[in-house]
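Enquirer: 0 is the number of the first residue of the sequence shown in numbering that gives the first Met the number 0; add one for each residue after it.
Every residue gets a Cβ at the ideal spot worked out from N, C-alpha and C, and that includes glycine.
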Amino acid sequence: MPDTQPIKKVHRKQYAIQLTDLHPDFVIADNAHLPQDSSAEVAVTETILDERDTVVFNAVIERLARLQNYVGYGNFNVIGWDQSLYIARSRERVGEFSKTELEFIEKLFFTNADLLGFYGDKVVTELSSTIAKKDIVKIPGSGHYLFKGEAADTYYRIRRDVGDSIVLTSGIRSVVKQIYLFLNKAARVNGNLSLASYSLAPPGHSYHALGDFDVGKQGFGRNNFSAKFADTDEFRRLLDLGYLDIRYPQNNPYGVRYEPWHIKVI
0 MPDTQPIKKV
10 HRKQYAIQLT
20 DLHPDFVIAD
30 NAHLPQDSSA
40 EVAVTETILD
50 ERDTVVFNAV
60 IERLARLQNY
70 VGYGNFNVIG
80 WDQSLYIARS
90 RERVGEFSKT
100 ELEFIEKLFF
110 TNADLLGFYG
120 DKVVTELSST
130 IAKKDIVKIP
140 GSGHYLFKGE
150 AADTYYRIRR
160 DVGDSIVLTS
170 GIRSVVKQIY
180 LFLNKAARVN
190 GNLSLASYSL
200 APPGHSYHAL
210 GDFDVGKQGF
220 GRNNFSAKFA
230 DTDEFRRLLD
240 LGYLDIRYPQ
250 NNPYGVRYEP
260 WHIKVI
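(1) Tell me which residues share the same chain as Ile178 and place their Cβ nearer than 6 Å to its Cβ, disregarding the 5 neighbours each side in the sequence.
(2) Among Val161, Phe117 and Tyr69, which has the Cα closest to the Cα of Ser205?
(3) Give the secondary structure of His204 by DSSP, where H, G and I count as helix, E and B as strand, and everything else as coil.
(4) For the candidate residues Val122, Thr153 and Ala151, whose alpha-carbon lies nearest to that of Val174?
(5) What would DSSP say about Val55, mapped onto helix, strand or coil?
(6) Write down every uninterrupted run of the alpha helix (DSSP H) in the region 194–244 whose length is 4 residues or greater and which is fully enclosed by it, in chain order.
(7) In three-state DSSP terms, what is Glu45?
(8) Could you give the distance in angstroms between the alpha-carbon of Asp103 and the alpha-carbon of Thr110?
(9) When the distance is taken between beta carbons, is Gly210 closer than 8 Å to Ile265?
(10) Might you give, ordered along the chain, the residues of its own chain that have their beta carbon closer than 7 Å to the beta carbon of Leu167, omitting 5 neighbours on each side?
(11) For chain D, is any of its Cβ atoms less than 8 Å away from the one on Val174?
(12) Please classify Gln217: is it buried, with 16 or more other beta-carbons within 10 angstroms of its beta-carbon, or exposed?
(13) Between Asn68 and Ala131, what straight-line distance do the alpha-carbon atoms span, to the nearest angstrom?
(14) In angstroms, rounded to a whole number, what distance separates the CA positions of Val77 and Leu101?
(15) Measure the CB-CB distance between Phe146 and Ile135 and report whether it falls below 8 Å.
(16) Leaving out five residues on either side along the sequence, give the residues of the same chain with a beta carbon under 7 Å from the beta carbon of His261.
(17) Hey, would you say Ser225 sits closer than 8 Å to Leu115, going by beta carbons?
(18) Excluding the 5 residues flanking Trp80 on each side, which residues of the same chain have their C-beta closer than 7 Å to its C-beta?
(19) Thinking C-beta only, is Val93 closer than 8 Å to Arg51?
(20) By DSSP, does Thr153 sit in helix, in strand, or in coil?
(21) Are the Cβ atoms of Tyr253 and Gly73 separated by less than 8 Å?
(22) Output the boundary residues of the beta strand (DSSP E) element that contains Phe146.
(23) So if DSSP puts Leu167 in a beta bridge, which residue, or which two residues, is it bridged to?
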């Protein structure tokens, strides 16, 4: 599937422009963070979707979109792969995955993320992994779920300590949800899987599947997913709490942009 190109130099400013305002979920923006020296160069291994995979790539996105429309946004966040296959087979509105679509998804899931320039851990190793309903809780008014225990407790503790201006912007993401997000991101950067992985963990590598979550400032909209969030009073108050860590800080070694909104739980 991926066609790995030679390493080449690109300007961070040029790199970020291609990512600006391209969140794959069509709900929240996905702006890239620019460091102070935005003219600095960074070596990037660009892995581009093979043109031969374009048809199946688009077909998978469209089928997953129909699946999300069928089960609803909130339920799609936590849906498992086996359940997705069953619904696709049994509901004409979704339609059964073809053999080539299944092969494409499996190849994507098991691709070595290092080839994309993403160096984080693979935290979900089985495509068929599931999220038990008994282990999760839906956060009212958000459309998102959190795991019971440390994740939910941390979120509500933040709300108590910082106030109602802090809101949950993204919670649990199943493997299926992450596949959909990642493919949408790749589609919006012309099949460049490396650019996609700069601001969205490849399937199986997202800590949202284990407990991490995103927070933002109420009414701040797309800015919650940009460097502007780091300039808010809410973010400064989060740092002052003393019990939180950010999953992807500045200059992290994972090949991921700075995400001041991403709360590390696991």
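Expert: So, from the listed chains and residues:
(1) Walking along the sequence shown from the start, residue 178 turns up at place 179. Hits under 6 Å: Pro202.
(2) As a position in the sequence shown, residue 205 is number 206, starting the count at 1. Nearest C-alpha to Ser205: Phe117.
(3) Residue 204 sits at position 205 when you count from the first residue of the sequence shown. Coil, per DSSP.
(4) Taking the sequence shown and counting its residues from 1, one reaches residue 174 at position 175. The candidate whose alpha carbon is nearest that of Val174 is Val122.
(5) Along the sequence shown, one-based indexing puts residue 55 at 56. Correct three-state label for Val55: helix.
(6) 232–240
(7) Indexing the sequence shown from 1 puts residue 45 at position 46. If DSSP states are grouped into helix, strand and coil, Glu45 belongs with coil.
(8) Looking up residue 103 in the sequence shown gives position 104. Looking up residue 110 in the sequence shown gives position 111. Here residue 103 is Phe; the residue named in the question, Asp, does not match the sequence. So the alpha carbons of these two residues sit roughly 10 Å apart.
(9) To locate residue 265, count along the sequence shown from 1; it is residue 266. To locate residue 210, count along the sequence shown from 1; it is residue 211. Result yes, Cβ atoms of Ile265 and Gly210 sit closer than 8 Å.
(10) Walking along the sequence shown from the start, residue 167 turns up at place 168. The residues are Ile138, Ser141, His143, Tyr154, Phe212 and Val214.
(11) Given the protein chain composition of this structure (a single chain), no chain D is represented.
(12) If you number the sequence shown from 1, residue 217 lands on position 218. Per the 10 Å Cβ criterion, exposed.
(13) If you number the sequence shown from 1, residue 68 lands on position 69. If you number the sequence shown from 1, residue 131 lands on position 132. Their Cα atoms are separated by approximately 21 Å.
(14) Taking the sequence shown and counting its residues from 1, one reaches residue 77 at position 78. Taking the sequence shown and counting its residues from 1, one reaches residue 101 at position 102. Spanning the two alpha carbons is a distance of roughly 20 Å.
(15) For the purposes of this step, residue 146 is identified with residue 147 of the sequence shown, where counting begins at 1. For the purposes of this step, residue 135 is identified with residue 136 of the sequence shown, where counting begins at 1. Yes.
(16) Here residue 261 corresponds to residue number 262 of the sequence shown, with the count starting at 1. Closer than 7 Å at Cβ, skipping near neighbours: Asp211, Asp213, Ile245, Arg246 and Tyr247.
(17) Here residue 225 is taken as the residue at index 226 of the sequence shown, counted from 1. Here residue 115 is taken as the residue at index 116 of the sequence shown, counted from 1. It is not a contact, given that the beta carbons lie outside the stated cut-off.
(18) As a position in the sequence shown, residue 80 is number 81, starting the count at 1. Answer for Trp80: Leu126, Ser127, Val174 and Val175, listed in chain order.
(19) Start at 1 with the first residue of the sequence shown, and residue 51 comes out as number 52. Start at 1 with the first residue of the sequence shown, and residue 93 comes out as number 94. In this structure, Val93 does not lie closer than 8 Å to Arg51 by Cβ.
(20) As a position in the sequence shown, residue 153 is number 154, starting the count at 1. Reduced to three states, the DSSP call for Thr153 is helix.
(21) Position 254 of the sequence shown, counted from the first residue, corresponds to residue 253. Position 74 of the sequence shown, counted from the first residue, corresponds to residue 73. Not closer than 8 Å, so no.
(22) Position 147 of the sequence shown holds residue 146. Residues His143 to Phe146.
(23) Residue mapping note: residue 167 aligns to position 168 of the sequence shown, counting from 1. Paired residue(s): Val214.
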